[in-house]
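Peer 1: Be aware that the sequence shown starts at 2, since it is given in this note's numbering, and climbs by one per residue. Where a beta carbon is used, it is the ideal one built from N, C-alpha and C, also for glycine. No experiment lies behind these values; they were computed from the predicted model shown. Please see the structure below; I have some questions.
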Amino acid sequence: MFTLSIISLVIYVILLIYIVSKILYANDYVRVNKQYSESLNYVYVK
Numbered sequence: 002m003f004t005l006s007i008i009s010l011v012i013y014v015i016l017l018i019y020i021v022s023k024i025l026y027a028n029d030y031v032r033v034n035k036q037y038s039e040s041l042n043y044v045y046v047k
C-alpha cells in the first residue's frame, strides 16, 4: 500500500518538475530537464 503511494508521489513530483522546467526553460533547467528525461526514458524502457 505504502510503496504504491510513494511511487505515484514520485511520478507526480517528476512530472511537476518537468512541466516547471519546460515553462521556465532557463539554462540550469535545461540541464536538469535532460537528466530527468534520461531517467524517465530509462523507466519507460523498463
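Counting only C-beta atoms, is Leu-16 closer than 8 Å to chain B at any point?
Peer 2: No chain B appears in this structure, which consists of one protein chain only.
Peer 1: Hey, Tyr-37 and Ile-15: beta-carbon distance below 8 Å or not?
Peer 2: The answer is yes: Cβ separation under 8 Å.
Peer 1: With C-beta atoms as the reference, is Ser-22 less than 8 Å away from Val-33?
Peer 2: Against a cut-off of 8 Å, the Cβ pair of Val-33 and Ser-22 comes out as a contact.
Peer 1: Cα separation between Ser-9 and Phe-3?
Peer 2: Their Cα atoms are separated by approximately 10 Å.
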